[in-house]
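Student: Before I ask anything, let me first share the structure, which is written out below as structure tokens.
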Amino acid sequence: MATTTITSRQRVAGWLDERLGLSSLKEFLSHKTVPIHSATMWYYFGGITLFLFTIQVLTGILLLLYYRPTASEAYESVQFIMTRVRFGWLIRSIHSWSANLMIFTAFVHMFSVVFLRAYRRPRELTWFSGIALLGLALGFGFSGYLLPWNTISYFATKVGTDMASAVPVVGSTIARFLRGGEDVGGATLTRFFGFHVAVLPGIATTLIFVHLMLVQKHGISSPPWVEQKTGGKVPQMKFFPNFFLREMMAWYAALGVLGSLAAIFPWELGEKADPFASAPAGIHPEWYFLAPFYTLKLIPSQVLFVEGELLGLFGFAVLALWWVLLPFWATNPKGEERARLVTGAGVALLAYLVTFSLLGYFR
Amino acid sequence: MDTGRRGLIRILLGTGFSASLISFLYPVLRFMDPPAVPEASVNEVSAGKVQDLKPNSGKIVRFGSRPVILIRVSDTDWRAFSAVCTHLNCTVQYSEQRHQIWCACHNGTYDLNGAVVSGPPPKALEEYAVKVRGDEVVISRHA
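Chains as they are written, first to last, in the numbering used here: chain W, 344 to 706; chain Y, 1361 to 1503.
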């Protein structure tokens, strides 16, 4: 009886293999390995970020069943989801929490790449695609924030799009493009909805594919000190099933954290946006925009001959460009690694982000 | 012994995985089922002025969230029926040539009492009461 079952299963597997070429995938996976060392745990964060992105897509599709992207109906439709649709509050809460957790794990992944020196040759493009994905994640956050059409999201979008208008020459064009008009209104909501559910997911999916292909091509990097210690023979574990099952456990743990946060601290909806009401006191953006928000608050309106806001934006642009180009300045012209400089820069950036985010939140 | 342990682990993992899957799918399936939206209870609507509708003509009137067809058969004979065809939910219209209610979707016809004359509709149209108050035509549900 058991022999018949195995034979039937093998027959099905054989049928699928003939059509899909699964055995070559199995063969490929059997050769893929992951380095084992004291920092192996940091390798899980890229996968967890991908998992949270998948949760975002799935819960986003579910929310689309009820959400209406117009200024007169958006707030009410989210309210309907949260109060009338069964488990609507949970699905929306999971969507919001996983968005925040995804950005958090993406940052953890980025800093782990820096501190484990995984950006080094020949992985520069992997770094660039990863940074672009982090930028897209922030774009998802910014565009999705407006969709419930509540007071906080309305004013956050007003401020955010107004910052774009400070850019010389093209600023007002960019702001107009983002808003779909002169000011934040129904046209902005429809536009942000389009960015959030069509434009950004399309770009993100392509970039994720490129990022994963590059990870696949170059394999997983080992930190230089581990390579030195082992004489270049870093112990490895098989990707499948050893690392894969561990990654599944990490995803399951992430799901547990996400489910708990979503259930215990349901995401609030707030008050409906009123374009003719004053901005409420203590208004601030999402946590991942707090550091630049607080920095701009500190810069005086005029620094010498330059407008303060413009100076701040210029500073952020230079900082971002410098960070993106990290793989190039991380080695000196002789090809030697500037390990201290990279670690110092990573620690300084992390300290800046944490400190200014906390100040921005509490002050 | 080893097989026994493996078997136990397989059962535990399989049960855990299945239970997790059910706990994820249940809220998702419930979420996709749209909740019943209570409609504002409408018992009476104004269908406009008497002079707006000439004899041997009809028009569609909004009754809450449903369409109702109002027909002025003669100067004093007014009738109203649900405008939703009992066949496949299309909205019917009044045919002035045939003096019948006609559904363009599948050529179903009803007489001026709402009864099926020909075509695929399985049952008659629901009738509404019509009253003329002064120069205003009022449609209401039958008591």
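Glycine included, every Cβ here is placed at the ideal spot set by N, Cα and C.
Confirm, please, whether the CB-CB distance from residue 395 of chain W to residue 469 of chain W is below 8 Å.
Tutor: The residue you call residue 469 of chain W lines up with position 126 of the first sequence. The residue you call residue 395 of chain W lines up with position 52 of the first sequence. Cβ distance not < 8 Å, so residue 469 of chain W and residue 395 of chain W don't count as in contact.
Student: In whole angstroms, what separates the C-alpha of residue 704 of chain W from that of residue 1426 of chain Y?
Tutor: What you label residue 704 of chain W is simply residue 361 of the first sequence in a count that begins at 1. What you label residue 1426 of chain Y is simply residue 66 of the second sequence in a count that begins at 1. One C-alpha to the other measures close to 51 Å.
Student: If you run the structure through DSSP and keep just helix, strand and coil, what is residue 493 of chain W?
Tutor: Locating residue 493 of chain W in the first sequence gives position 150, where the first residue counts as 1. Assigned with DSSP and collapsed to three states, residue 493 of chain W falls in strand.
Student: Select from W:484, W:638, W:435, W:620 the residue whose C-alpha is nearest the C-alpha of residue 653 of chain W.
Tutor: Residue mapping note: residue 653 of chain W aligns to position 310 of the first sequence, counting from 1. The residue with the shortest Cα to Cα distance from residue 653 of chain W is W:638.
Student: How many Å lie between residue 578 of chain W and residue 383 of chain W at the Cα?
Tutor: What you label residue 578 of chain W is simply residue 235 of the first sequence in a count that begins at 1. What you label residue 383 of chain W is simply residue 40 of the first sequence in a count that begins at 1. If I take the Cα positions, the gap works out to 11 Å.
Student: So, at 8 Å on beta carbons, what are the nonlocal neighbours of residue 1502 of chain Y in its own chain, with the 5 sequence-adjacent residues on each side left out?
Tutor: As a working note, residue 1502 of chain Y is residue 142 in the second sequence. Hits under 8 Å: 1487, 1488, 1489.
Student: Any idea what DSSP makes of residue 378 of chain W, helix, strand or coil?
Tutor: In the first sequence, the residue the question calls residue 378 of chain W occupies position 35. Three-state result, residue 378 of chain W: strand.
Student: Flag this pair as yes or no: are the beta carbons of residue 1472 of chain Y and residue 1439 of chain Y separated by less than 8 Å?
Tutor: Walking along the second sequence from the start, residue 1472 of chain Y turns up at place 112. Walking along the second sequence from the start, residue 1439 of chain Y turns up at place 79. In this structure, residue 1439 of chain Y lies closer than 8 Å to residue 1472 of chain Y by Cβ.
Student: Let me see if you follow: with CB-CB separation under 8 Å, is residue 427 of chain W close to chain Y or not?
Tutor: Mapped onto the first sequence, residue 427 of chain W falls at position 84. Residue-level contact check: residue 427 of chain W touches chain Y, since one or more beta carbons of chain Y fall below 8 Å from its beta carbon.
Student: With distances taken between CB atoms, is the gap from residue 484 of chain W to residue 611 of chain W smaller than 8 Å?
Tutor: As a position in the first sequence, residue 484 of chain W is number 141, starting the count at 1. As a position in the first sequence, residue 611 of chain W is number 268, starting the count at 1. The answer is no: Cβ separation not under 8 Å.
Student: Just tell me which of Y:1455, Y:1423, Y:1467, Y:1414 has its CA closest to the CA of residue 1437 of chain Y.
Tutor: Here residue 1437 of chain Y corresponds to residue number 77 of the second sequence, with the count starting at 1. Here the closest residue by C-alpha is Y:1414.
Student: Decide if residue 549 of chain W is buried, meaning its Cβ has at least 16 other Cβ atoms within 10 Å, or exposed.
Tutor: Looking up residue 549 of chain W in the first sequence gives position 206. Its Cβ having fewer than 16 others within 10 Å, residue 549 of chain W is exposed.
Student: Examine chain Y for any beta-carbon lying closer than 8 Å to the beta-carbon of residue 430 of chain W, and answer yes or no.
Tutor: Walking along the first sequence from the start, residue 430 of chain W turns up at place 87. It does: the Cβ of residue 430 of chain W has a partner Cβ on chain Y nearer than 8 Å.
Student: Once you ignore the five residues that flank residue 689 of chain W on each side, which residues in its own chain have a CB closer than 8 Å to its CB?
Tutor: Position 346 of the first sequence, counted from the start, is the residue given in the question as residue 689 of chain W. The residues are 454, 457, 458.
Student: Determine the closest residue to residue 381 of chain W out of W:568, W:409, W:685, W:357, with distance taken between C-alpha atoms.
Tutor: In the first sequence, residue 381 of chain W corresponds to position 38, counting from 1. The candidate whose alpha carbon is nearest that of residue 381 of chain W is W:568.
Student: Helix, strand or coil, according to DSSP, for residue 459 of chain W in the structure here?
Tutor: Reading the first sequence from its first residue, position 116 is the one you call residue 459 of chain W. If DSSP states are grouped into helix, strand and coil, residue 459 of chain W belongs with coil.
Student: Could you have a look at residue 1430 of chain Y and say whether DSSP puts it in helix, strand or coil?
Tutor: Taking the first residue of the second sequence as position 1, residue 1430 of chain Y is located at position 70. Residue 1430 of chain Y falls in the strand class under three-state DSSP.
Student: Tell me whether residue 1498 of chain Y sits in a helix, a strand or coil according to DSSP, three-state version.
Tutor: As a position in the second sequence, residue 1498 of chain Y is number 138, starting the count at 1. Three-state DSSP puts residue 1498 of chain Y in a strand.
Student: DSSP on residue 576 of chain W, reduced to helix/strand/coil?
Tutor: Here residue 576 of chain W is taken as the residue at index 233 of the first sequence, counted from 1. Coil.
Student: Any beta-carbon of chain Y closer than 8 Å to the one on residue 433 of chain W?
Tutor: Locating residue 433 of chain W in the first sequence gives position 90, counting from the first residue. With 8 Å as the cut-off, residue 433 of chain W counts as an interface residue toward chain Y.
Student: Along chain W, in chain order, which residues have C-beta atoms closer than 9 Å to that of residue 1370 of chain Y?
Tutor: The residue labelled residue 1370 of chain Y in the question sits at position 10 within the second sequence. None at all; the shortest Cβ gap to chain W is about 14 Å.
Student: Per DSSP, residue 514 of chain W forms a beta bridge with which residues?
Tutor: What you label residue 514 of chain W is simply residue 171 of the first sequence in a count that begins at 1. The partner list for residue 514 of chain W (beta bridge, DSSP) is empty, contrary to what the question assumes.
Student: What are the residues that DSSP puts in a beta bridge with residue 1461 of chain Y?
Tutor: To locate residue 1461 of chain Y, count along the second sequence from 1; it is residue 101. DSSP lists Y:1454, Y:1470 as partners of residue 1461 of chain Y.
Student: Using C-beta distances below 7 Å, list every residue in its chain close to residue 392 of chain W, excluding the 5 sequence neighbours before and after it, in chain order.
Tutor: Along the first sequence, one-based indexing puts residue 392 of chain W at 49. Once the five neighbours on either side are set aside, the close Cβ partners of residue 392 of chain W are 445, 448, 449, 452.
Student: Strictly by DSSP, which residues pair up with residue 645 of chain W?
Tutor: Taking the first residue of the first sequence as 1, we reach residue 645 of chain W at position 302. In the DSSP output, where bridge partners are listed per residue, residue 645 of chain W has W:650.
Student: Alpha carbon to alpha carbon, how far is residue 671 of chain W from residue 686 of chain W? Give it in angstroms, no decimals.
Tutor: Locating residue 686 of chain W in the first sequence gives position 343, counting from the first residue. Locating residue 671 of chain W in the first sequence gives position 328, counting from the first residue. Distance between the alpha carbons of residue 686 of chain W and residue 671 of chain W is about 15 Å.
Student: Just the Cα atoms here: how many angstroms apart are residue 1447 of chain Y and residue 1469 of chain Y?
Tutor: For the purposes of this step, residue 1447 of chain Y is taken as residue 87 along the second sequence, with counting starting at 1. For the purposes of this step, residue 1469 of chain Y is taken as residue 109 along the second sequence, with counting starting at 1. So the two alpha carbons sit approximately 11 Å from each other.
Student: Quick check on DSSP: helix, strand or coil for residue 413 of chain W?
Tutor: For this step, residue 413 of chain W is matched to residue 70 along the first sequence. Three-state DSSP puts residue 413 of chain W in coil, outside helix and strand.
Student: Beta carbons nearer than 7 Å to chain Y: which residues of the segment 393-409 of chain W have them?
Tutor: 405, 408
Student: Please report the Cβ distance between residue 1451 of chain Y and residue 1420 of chain Y, rounded to the nearest whole angstrom; I am assuming they are in contact, meaning their Cβ atoms lie under 8 Å.
Tutor: Mapped onto the second sequence, residue 1451 of chain Y falls at position 91. Mapped onto the second sequence, residue 1420 of chain Y falls at position 60. That belief holds up - the Cβ atoms of residue 1451 of chain Y and residue 1420 of chain Y are roughly 7 Å apart, short of 8 Å.
Student: Is it buried or exposed, residue 1434 of chain Y, if we count other Cβ atoms within 10 angstroms and call 16 or more buried?
Tutor: Along the second sequence, one-based indexing puts residue 1434 of chain Y at 74. It is exposed - the Cβ of residue 1434 of chain Y has fewer than 16 other Cβ atoms within 10 Å.
Student: Mind listing, in chain order, the continuous beta strand (DSSP E) runs of no fewer than 3 residues lying wholly within the segment 536-622 of chain W?
Tutor: 579-581
Student: Against residue 1390 of chain Y, what residues of chain W qualify as contacts under a CB-to-CB distance less than 7 Å, listed in chain order?
Tutor: Here residue 1390 of chain Y corresponds to residue number 30 of the second sequence, with the count starting at 1. Per Cβ cutoff of 7 Å: 429, 430.
Student: Just grab the DSSP bridge partners of residue 1404 of chain Y for me.
Tutor: Reading the second sequence from its first residue, position 44 is the one you call residue 1404 of chain Y. Residue 1404 of chain Y is bridged to Y:1500.
Student: Any idea what DSSP makes of residue 674 of chain W, helix, strand or coil?
Tutor: As a working note, residue 674 of chain W is residue 331 in the first sequence. Strand.
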